[in-house]
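Numbered per my numbering, the sequence shown spans residues 87 to 525.
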Amino acid sequence: MTKIIKTITYKKVCSSIVLHKAWNQIYENGLRSNSRETRSEISRFKEEERSNIDRIYRQLFNKKFDFKNNKGIMAGKKKKRPVVLAPVESRIVQRAILDVLQSNPEIEKFLRSKGSYGAIKSFKDMNKGVPAAIYDLVNAINSGATTYYKSDIKSFFTQISRAEVIKKISATITDQDFLDLLEKATNLEVSNISLLPEKERKFFKFDMIGTPQGCCLSPLLGNILLYEFDNELNRNGITCLRYLDDFILLGKGWKNVKAAFDKAIQILDSSGLSAYTLNDDSTKAKSGNITDKFEFLGVEFKGNNIRPNKDSRTRLLKSIEELFKDCVSQDYSNKATREQQESSLVNTLYTINNKLLGWGNQYYFCNDEAIWGSLDAEVDELLKKYLSRYNAKKNKVDIKQRRRMLGMHLISDSKKLPLLLSSSKNEEPQVSEIIQCDT
Numbered sequence: 087m088t089k090i091i092k093t094i095t096y097k098k099v100c101s102s103i104v105l106h107k108a109w110n111q112i113y114e115n116g117l118r119s120n121s122r123e124t125r126s127e128i129s130r131f132k133e134e135e136r137s138n139i140d141r142i143y144r145q146l147f148n149k150k151f152d153f154k155n156n157k158g159i160m161a162g163k164k165k166k167r168p169v170v171l172a173p174v175e176s177r178i179v180q181r182a183i184l185d186v187l188q189s190n191p192e193i194e195k196f197l198r199s200k201g202s203y204g205a206i207k208s209f210k211d212m213n214k215g216v217p218a219a220i221y222d223l224v225n226a227i228n229s230g231a232t233t234y235y236k237s238d239i240k241s242f243f244t245q246i247s248r249a250e251v252i253k254k255i256s257a258t259i260t261d262q263d264f265l266d267l268l269e270k271a272t273n274l275e276v277s278n279i280s281l282l283p284e285k286e287r288k289f290f291k292f293d294m295i296g297t298p299q300g301c302c303l304s305p306l307l308g309n310i311l312l313y314e315f316d317n318e319l320n321r322n323g324i325t326c327l328r329y330l331d332d333f334i335l336l337g338k339g340w341k342n343v344k345a346a347f348d349k350a351i352q353i354l355d356s357s358g359l360s361a362y363t364l365n366d367d368s369t370k371a372k373s374g375n376i377t378d379k380f381e382f383l384g385v386e387f388k389g390n391n392i393r394p395n396k397d398s399r400t401r402l403l404k405s406i407e408e409l410f411k412d413c414v415s416q417d418y419s420n421k422a423t424r425e426q427q428e429s430s431l432v433n434t435l436y437t438i439n440n441k442l443l444g445w446g447n448q449y450y451f452c453n454d455e456a457i458w459g460s461l462d463a464e465v466d467e468l469l470k471k472y473l474s475r476y477n478a479k480k481n482k483v484d485i486k487q488r489r490r491m492l493g494m495h496l497i498s499d500s501k502k503l504p505l506l507l508s509s510s511k512n513e514e515p516q517v518s519e520i521i522q523c524d525t
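Structure (structure tokens):
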């Protein structure tokens with residue numbers, strides 16, 4: 087007998103409209119992912135989109151949905167951070183939970199706190215995100231701030247008290263089915279934990295402390311936990327701007343800014359968190375005059391110039407070079423595979439174009455015009471270099487391989503399931519062995 091869901095908030099998550107909206111967001115994000123594995127997984131889910139969403143809906147409706155097969159990795163080259171990679175189905179449900187939470191008027195107040203900008207949707211009367219944070223930073227300087235102190239909250243996501251956050255949420259949402267689903271969505275069991283080095287396993291055992299980085303719900307939990315932090319520090323002539331675990335304090339004079347930082351440490355300590363200080367052997371904490379060169383959220387301030395910092399510019403060029411390398415290194419002698427299609431010249435140029443468009447739009451507020459021309463010149467050199475290598479390779483192969491290199495499908499590469507005609511009229515037509523093709 088079909089179960090009747092009486093709980094209101096849980097029922098919203100089960101809504102087909104909410105699930106499809108969540109999937110659309112996951113799909114858009116997945117297409118922009120640098121991970122080929124992620125893009126392939128998204129593409130496979132898209133092929134059976136309707137039936138896949140219907141399956142998730144039925145599992146949720148019958149309260150049988152499981153968040154499983156999560157993979158833990160230590161991501162990043164310089165600074166390693168624990169990231170949990172969840173299957174598409176889990177990400178869709180997590181996103182649906184997030185959308186339902188953010189639409190709740192009582193939860194929304196946690197997203198409107200002054201000084202918080204990270205992973206928060208924009209409201210009609212309040213902008214969020216990096217551009218808004220930089221705008222408010224410049225406004226603080228123009229309003230008389232002379233000194234800054236910036237720092238990172240240590241091991242932010244792995245130290246968030248989920249019990250404390252869910253207690254705050256349960257004061258507003260009493261739907262126990264929803265709260266149970268939220269708990270499961272943010273307490274993911276990592277299937278490959280036994281394969282990880284011993285010293286890394288502790289980062290993937292969440293219990294009631296910590297929430298998975300890589301889960302769209304984690305930033306919301308962090309913002310709810312630090313609601314008082316944001317409100318208390320934006321007082322007495324101090325501006326505090328926080329983007330998840332990065333924050334900067336601005337004010338008039340070192341004495342005032344240092345006092346505000348000491349208060350920040352106290353508030354964090356009350357929630358089981360801590361931040362880097364100037365006494366730590368780290369580059370995470372810095373202070374000085376706003377006339378000195380400093381950086382915040384990937385943006386460099388130097389005199390009157392505002393521009394993307396060097397690390398951000400380097401990462402952009404490096405990612406473009408990797409895409410070009412992948413394009414020219416593929417073997418196109420056999421029938422087209424999904425990997426070949428993604429690395430074809432047409433798809434590579436399309437991906438790079440979107441990357442440049444998104445990156446440039448991300449820094450629309452920067453005023454150092456010279457940096458744009460310099461970056462374009464470096465991209466031009468990469469394009470020239472790899473088109474030369476592409477043409478050299480193209481001239482050595484036959485026309486079929488050239489088409490595959492371009493990304494133009496060959497009909498002979500299509501998936502085939504030919505029928506075999508029998509010599510006997512009474513026999514059913516036979517199907518030959520499937521001729522496989524990944525595309």
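Here a beta-carbon is modelled for each residue, glycine too, at the ideal position from N, C-alpha and C.
Of the listed residues the options, nearest to residue i (C-alpha basis)
i    : options                   : result
L403 : K479, G374 and W458       : W458
K97  : D417, K149 and R130       : K149
T124 : V251, S500, N453 and R424 : R424
E175 : S189, A205, E135 and M160 : E135
G374 : R167, A226 and T232       : T232
N433 : G389, Y203 and R490       : R490
A226 : I178, Q245, S508 and I376 : I376
S121 : S137, A161, L146 and Q145 : A161
D462 : T297, I438 and S430       : I438
G384 : A271, G215 and D412       : G215
R177 : W109, S189, M494 and F196 : W109
E386 : L223, D152 and L117       : L223
T244 : K236, Y436 and C301       : C301
M494 : K479, L506, L431 and N440 : L431
Y418 : V186, F151, I485 and E314 : I485
L364 : D499, S398 and K344       : K344
N527 : D454, S126, V414 and S498 : Within the shown structure, residues of the chain are numbered from 87 to 525, placing residue 527 beyond reach of any answer.
C452 : S500, N391 and Q180       : N391
Q426 : F196, R118, S119 and S126 : S126
The alpha helix (DSSP H) enclosing residue i, as first and last residue numbers
i    : result
R321 : Counting along the chain, R321 falls outside any alpha helix (DSSP H), and DSSP gives it neither H nor E.
L197 : P191 to L197
T363 : Premise fails: T363 is in no alpha helix (DSSP H) and is neither H nor E.
E135 : E135 to F147
A257 : Note, A257: premise wrong, no alpha helix (DSSP H); not H, not E.
I178 : V174 to Q188
I112 : S102 to L117
Pair within 8 Å by beta-carbon distance, residue i and residue j
i    : j    : result
G308 : F382 : no
G323 : G337 : yes
D331 : D238 : yes
I295 : S247 : yes
G158 : L282 : yes
G201 : N320 : yes
I252 : E275 : no
L303 : L184 : yes
I255 : I193 : yes
Q299 : R167 : yes
V99  : F264 : yes
L503 : A422 : no
Y362 : K370 : yes
Y234 : A219 : no
I128 : Y113 : yes
A271 : F153 : yes
T258 : N190 : yes
K372 : K236 : yes
F410 : L468 : yes
L105 : A205 : no
L311 : R328 : no
V186 : T95  : yes
Residues sharing a beta bridge with residue i, DSSP
i    : result
S373 : Y235
N391 : K388
Q299 : V169
I159 : V169
Y329 : D332
K344 : Paired residues: none, contrary to the question.
E381 : E386
S202 : R328
For residue i, the first and last residue of its enclosing beta strand (DSSP E)
i    : result
I334 : D332 to G337
E275 : Run containing E275: none; DSSP gives neither H nor E here.
heavy atom of the ligand ZN below 7 Å from residue i C-beta
i    : result
I351 : Summarising the ligand content, the structure contains no ligands, and the ligand ZN is consequently not present.
Next item on the list: Pick out the complete beta strand (DSSP E) segments inside the stretch 227-254, 3 residues or longer, and give them in chain order.
Entry: Assignment of beta strand (DSSP E) within the stretch 227-254, counting only whole runs of 3 or more residues, yields 233-238 in chain order.
Check: Whole alpha helix (DSSP H) runs in the stretch 415-484 with 4 or more residues, listed along the chain?
Finding: 424-429, 431-448 and 455-480
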